[in-house]
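Undergrad: Using this note's numbering, read the sequence shown as starting at 65 and increasing by one per residue. Even glycine gets a Cβ: it sits at the ideal position worked out from N, Cα and C. My questions all concern the structure below.
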Amino acid sequence: MKTSKLIMVRLLLILSFLIPSNKIFANQLISTEVIGKGQPMILIHGMSSSTGVWDEFVERYQDQYELHLVSIKGFGNKEIASSEHFLAQIKNEVVQYVKDNTLSKPILIGHSMGGFLGLWAAAEEPDLFGKIVSVDGVPYFPVLQMPGITPETAQPMVDGMKAQFANSDENSARATQEMIVSTMIATESKREKVVQMGIDSNPEVIGQAYGEMFLTDIREKVSEIKIPVLVFGAWAAYKNYGATKESVAAGYKSQLANIENVTFLLADEAYHFVFYDEPEWFYDNLDAFIATK
């Protein structure tokens, strides 16, 4: 008996050195794929998407940068993921990933939800990243469409939203995704790929994550960001609802007002997936921002 206990103690001691406790998440939500060599660049996709949204981005930059593509459970896959605070855990895991892999001042680029997570991570870890690029992701996105909304007033809406996602009918999933994606991508040839990502996603996971976007307001926190930030915005999808380029720009600027070193650029014709709809404009401005000291 004493011998078996001694062996167990030794095994636990060995494991404590091999797997430091600060690297362990009870239910890991992210995984990564690394492509290319050079300065590290972390890519985080948006809601109901997968790393496939970055395919053209990877083709363009893999010979210049070390690209770390972040995959999330339940996004573009049917994996089940449970977390009391889903978005916060993703953000924490990305931060820990950078620390565990000793990535030196990586550039973090996120689309939509991924951009929001990048801003949040930079606010909590001001010295960890080199630059942040957010593609149509802001500190509290519901305000862009519902002025005056707060996490408190959003709660009843979120409860209904989560129930709707959880009880979604698979037979109508394609029609729903096609309708949603048509408002997010102006370029028709780019839509099907993203539609399929949504169909392949886990509806309960997406429902929780989407709800948390309504309940997480970091507009005050982003004042802690000291590194350069580039935010791409889009307005064209809203012009049929009475919005103007000027009114949409004002909404973005109010969200970003607390960020000390921010550059905001508003696309002319792109919808939410700016890199699909105005690729030359997007990449030209991204290259210029990255090159800036």
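Under 6 Å Cβ to Cβ from VAL286, same chain only, skipping five residues before and after it: list those, please.
TA: Excluding positions up to five away in sequence, the list reads LEU183, ALA187, PRO203, ASN322, ILE323.
Undergrad: Using CA atoms only, rank isn't needed, just tell me which of MET111, PRO104, ILE99 is closest to ASN266.
TA: Selected option, being the one with the closest Cα: MET111.
Undergrad: Taking 7 Å as the cut-off, decide whether the C-beta atoms of PHE339 and PHE346 are in contact.
TA: Yes, Cβ-Cβ distance for PHE339 and PHE346 is below 7 Å.
Undergrad: Taking MET225 as the reference, which of LEU279, LEU192, TYR335 has the closest Cα?
TA: Nearest option by C-alpha distance: LEU279.
Undergrad: Take GLY271 as the anchor and find which of MET221, GLU189, ALA298, THR247 has the nearest alpha-carbon.
TA: Ranking MET221, GLU189, ALA298, THR247 by Cα distance to GLY271 puts MET221 first.
Undergrad: Measure the CB-CB distance between ALA38 and TYR335 and report whether it falls below 7 Å.
TA: The chain is shown from 65 up to 357; residue 38 falls before or after that span and cannot be answered.
Undergrad: Within the chosen definition, does the segment 199 to 217 reach the segment 158 to 178 through at least 3 CB pairs nearer than 8 Å?
TA: Touching, yes.
Undergrad: Is it right to say ALA250 is buried, meaning 16 or more other beta carbons lie within 10 angstroms of its own, or is it exposed?
TA: Per the 10 Å Cβ criterion, buried.
Undergrad: Note down the Cα distance separating VAL158 from ALA314, rounded to an integer number of angstroms.
TA: The straight-line gap from Cα to Cα measures roughly 31 Å.
Undergrad: In angstroms with no decimal places, state the Cα-to-Cα distance between ILE291 and ASN235.
TA: About 46 Å.
Undergrad: In this structure, does DSSP put VAL199 in helix, strand or coil?
TA: Of the three classes helix, strand and coil, the one that applies to VAL199 here is strand, per DSSP.
Undergrad: Nearest by alpha-carbon distance to ASP281: which of PHE328, PHE205, LEU294, ARG238 is it?
TA: Out of PHE328, PHE205, LEU294, ARG238, PHE205 has the C-alpha closest to the C-alpha of ASP281.
Undergrad: Would you mind stating whether GLY194 and LYS169 have Cβ atoms separated by less than 7 Å?
TA: Yes, the pair counts as a contact, with Cβ atoms nearer than the cut-off.
Undergrad: Could you say which of GLU252, TYR305, ILE99 lies nearest to TYR125 if we only look at CA atoms?
TA: When each option's Cα is compared against that of TYR125, the closest is ILE99.
Undergrad: Could you tell me which residues DSSP pairs with LEU320 in its beta bridges?
TA: Answer is none; LEU320 lacks a bridge partner.
Undergrad: Quick check on DSSP: helix, strand or coil for MET248?
TA: Of the three classes helix, strand and coil, the one that applies to MET248 here is coil, per DSSP.
Undergrad: Ordered along the chain, which non-local residues of its own chain (more than five positions away) have a Cβ less than 8 Å from that of ILE144?
TA: Result list for ILE144: LYS137, GLY138, ASN266, GLU268, VAL269, in chain order.
Undergrad: Are there 16 or more other CB atoms within 10 angstroms of the CB of ARG238, so buried, or fewer, so exposed?
TA: When all chains shown are included, ARG238 counts as exposed.
Undergrad: Check for me: the beta strand (DSSP E) holding GLY178 runs from which residue to which?
TA: That residue, GLY178, is in no beta strand (DSSP E); its alpha helix (DSSP H) goes 177 to 188.
Undergrad: Identify the continuous beta strand (DSSP E) that holds VAL295 and give its terminal residues.
TA: Per DSSP, VAL295 belongs to the beta strand (DSSP E) from 293 to 297.
Undergrad: Thinking just about the alpha-carbon of each residue, which of SER147, ASP223, TRP118, ASP351 is nearest to the one in GLN92?
TA: Selected option, being the one with the closest Cα: SER147.
Undergrad: Out of curiosity, what's the CA-to-CA distance linking HIS109 and ASP119?
TA: In a straight line, the C-alpha of HIS109 is about 11 Å away from that of ASP119.
Undergrad: Determine the closest residue to ILE196 out of LYS309, ASP341, ILE106, with distance taken between C-alpha atoms.
TA: When only C-alpha atoms are compared, the closest one is ILE106.
Undergrad: Can you give the Cα-Cα distance for GLN153 and GLY212, rounded to whole angstroms?
TA: Computed Cα separation, rounded: 27 Å.
Undergrad: Work out the CA separation of SER318 and GLU333 for me, nearest whole Å.
TA: Using only the alpha carbons, I get a separation of about 22 Å.
Undergrad: Tell me whether the beta-carbon of LEU167 lies closer than 7 Å to the beta-carbon of PRO104.
TA: Cβ atoms of LEU167 and PRO104: closer than 7 Å.
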